[in-house]
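Enquirer: Got a structure here, written out as structure tokens. Questions coming.
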Amino acid sequence: MELMRQLSVPVLIVPGNHDVGHLPGSDQPVDTARLERWRRLAGPDYWVSDHGNWRLIGLNSLLFGHGDTEEVAQFSWLEEVLAAREGRRVAIFTHKPLFVDDAHEGDTGYWSIRPAPRQRLYDLFAAHDVALFASGHLHWAWKGTFENTALVWGPSSAFIIDKLEREMPGERVVGAVIHTLSEDVSSEIVTLPELTPYFIDEVIHEVYPRAVSKRVPEAAQ
Ligand SMILES: [Fe+2]
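For the sequence shown, this note's numbering begins at 549 and goes up steadily by one.
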């Protein structure tokens, strides 16, 4: 966070599974201590920020699928900030994508938001002119749409995946996405030559020290 605060531009961040934990039953589930730590060190794990005709909303996607008071509170808050957008267009930023291969696929476990909260998000998108849903998590960069909402998977700035996981849609690059918000939104996936595309496969024992024997694919089942 000290490094983040040294950036010379305004920064809004959302937590990932390596920050606040993951699904119930995983080695490091979201819990009170992890949420408290994020909120103390980084600030709110979900937020709203208005810029002209746009309302930017950051969500903590790691709360989805828990069925607890934290998930209920975030959904209630989301409904409130969407209802109070006063005609602004909406861009949502969060860690996990809505789906991997198909908008109505079943539970993908590790990789995307579970079907029940996903459907609830779809219903809110349709009611509130959500123009963009931008996510990360997959280490693949991809652009698509669902109904009237643009979907963008931002690439990792750290690792690509070699053979640890199956091929997924999109590009295997390290970089960033530039979203331009004007009347509509346009998004450009940018590969950064300053970044080395290391394979996560080679350091997976450091990323998941306690799950190394199970590896990610089994953890996702
Ligand atoms: Fe992630």
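Where a beta carbon is used, it is the ideal one built from N, C-alpha and C, also for glycine.
Pull up the DSSP beta-bridge partners for G613, would you.
Expert: On the sequence shown, position 65 is the one that residue 613 refers to. In the DSSP output, where bridge partners are listed per residue, G613 has none listed.
Enquirer: Could you name each continuous alpha helix (DSSP H) segment of 4 residues or more that falls completely within the stretch 575-628, going from the start of the chain to the end?
Expert: As far as the stretch 575-628 is concerned, its whole alpha helix (DSSP H) runs of at least 4 residues are 580-589.
Enquirer: Give the C-beta separation of N608 and D593 to the nearest angstrom, bearing in mind that I take them to be a contact with Cβ-Cβ under 8 Å.
Expert: Translated into positions along the sequence shown, residue 608 becomes position 60. Translated into positions along the sequence shown, residue 593 becomes position 45. About 4 Å; that satisfies the 8 Å criterion.
Enquirer: Closer than 7 Å: is that where the CB of H727 sits relative to any heavy atom of ligand 1?
Expert: The residue you call residue 727 lines up with position 179 of the sequence shown. H727 Cβ: outside cutoff for every heavy atom of ligand 1.
Enquirer: Skipping 5 residues on each side, what residues in its chain have a beta carbon closer than 6 Å to that of G723?
Expert: Start at 1 with the first residue of the sequence shown, and residue 723 comes out as number 175. For G723, where only same-chain residues beyond five positions count, the Cβ hits under 6 Å are P703, V738, T739, L740.
Enquirer: Hey, would you say T656 sits closer than 8 Å to V648, going by beta carbons?
Expert: Here residue 656 is taken as the residue at index 108 of the sequence shown, counted from 1. Here residue 648 is taken as the residue at index 100 of the sequence shown, counted from 1. Result yes, Cβ atoms of T656 and V648 sit closer than 8 Å.
Enquirer: Report the CB separation of L672 from E627 in whole angstroms; it is logged as a contact under 8 Å.
Expert: Position 124 of the sequence shown, counting from 1, holds the residue named residue 672. Position 79 of the sequence shown, counting from 1, holds the residue named residue 627. With 8 Å as the limit, L672 and E627 qualify as a contact, their Cβ atoms being about 7 Å apart.
Enquirer: Mapping DSSP to helix, strand and coil, what is G564?
Expert: As a working note, residue 564 is residue 16 in the sequence shown. G564 falls in the coil class under three-state DSSP.
Enquirer: Once the 5 residues before and after E653 are set aside, which same chain residues still bring their CB inside 7 Å of it?
Expert: Taking the first residue of the sequence shown as 1, we reach residue 653 at position 105. Here the set comprises F647.
Enquirer: In angstroms with no decimal places, state the Cα-to-Cα distance between A576 and S705.
Expert: Taking the sequence shown and counting its residues from 1, the one referred to as residue 576 is at position 28. Taking the sequence shown and counting its residues from 1, the one referred to as residue 705 is at position 157. The sequence as given places Gln at residue 576; Ala does not occur at that position. Each residue's alpha carbon lies about 23 Å from the other.
Enquirer: In terms of residues, what are the limits of the beta strand (DSSP E) holding A632?
Expert: Translated into the one-based positions of the sequence shown, residue 632 becomes position 84. Here A632 belongs to no beta strand (DSSP E), and DSSP marks it neither H nor E.
Enquirer: Rounding to the nearest angstrom, what Cα-Cα distance links V568 and T617 in this structure?
Expert: Residue numbering aside, residue 568 sits at position 20 when the sequence shown is read from its first letter. Residue numbering aside, residue 617 sits at position 69 when the sequence shown is read from its first letter. Approximately 16 Å between the Cα atoms of the pair.
Enquirer: Taking 7 Å as the cut-off, is the beta-carbon of G564 closer than that to any non-hydrogen atom of ligand 1?
Expert: One-based indexing of the sequence shown puts residue 564 at position 16. Correct: G564 has its Cβ closer than 7 Å to ligand 1.
Enquirer: Closer than 7 Å: is that where the CB of H685 sits relative to any heavy atom of ligand 1?
Expert: Sequence index remark: in the sequence shown, residue 685 carries index 137 (1-based). True, at least one ligand heavy atom lies under 7 Å from that Cβ.
Enquirer: Confirm, please, whether the CB-CB distance from R587 to V638 is below 8 Å.
Expert: Here residue 638 refers to the residue found at position 90 when the sequence shown is read from its first residue. Here residue 587 refers to the residue found at position 39 when the sequence shown is read from its first residue. Not in contact: V638 and R587 (Cβ atoms no closer than 8 Å).
Enquirer: Leaving out the 5 sequence neighbours to the left and right, which residues in its chain are closer than 8 Å to I726 when beta-carbon positions are compared?
Expert: What you label residue 726 is simply residue 178 of the sequence shown in a count that begins at 1. Only S735, E736, V738 meet the Cβ criterion.
Enquirer: Can you tell me whether DSSP reads L646 as helix, strand or coil?
Expert: Taking the sequence shown and counting its residues from 1, the one referred to as residue 646 is at position 98. Looking at L646 - three-state DSSP - the assignment turns out to be coil, as it is neither helix nor strand.
Enquirer: Rounding to the nearest angstrom, what Cα-Cα distance links H753 and V678 in this structure?
Expert: For the purposes of this step, residue 753 is identified with residue 205 of the sequence shown, where counting begins at 1. For the purposes of this step, residue 678 is identified with residue 130 of the sequence shown, where counting begins at 1. Roughly 38 Å between the two C-alpha positions.
Enquirer: In this structure, does DSSP put Y780 in helix, strand or coil?
Expert: Since the first residue of the chain shown is 549 and the last is 769, residue 780 is not available in this structure.
Enquirer: Taking 8 Å as the threshold (beta carbon to beta carbon), is A698 in contact with chain C?
Expert: Among the chains of the structure shown, chain C does not appear; only one protein chain is present.
Enquirer: How would you label R553, buried or exposed, when you count the other beta carbons within 10 angstroms and need 16 or more for buried?
Expert: Locating residue 553 in the sequence shown gives position 5, counting from the first residue. The residue is exposed, with fewer than 16 neighbouring Cβ atoms inside 10 Å.
Enquirer: Could you give the uninterrupted runs of the beta strand (DSSP E) lying entirely in the stretch 703-733, keeping only those of 3 residues or more?
Expert: For the stretch 703-733, whole beta strand (DSSP E) runs of length 3 or above, ordered along the chain, are 723-729.
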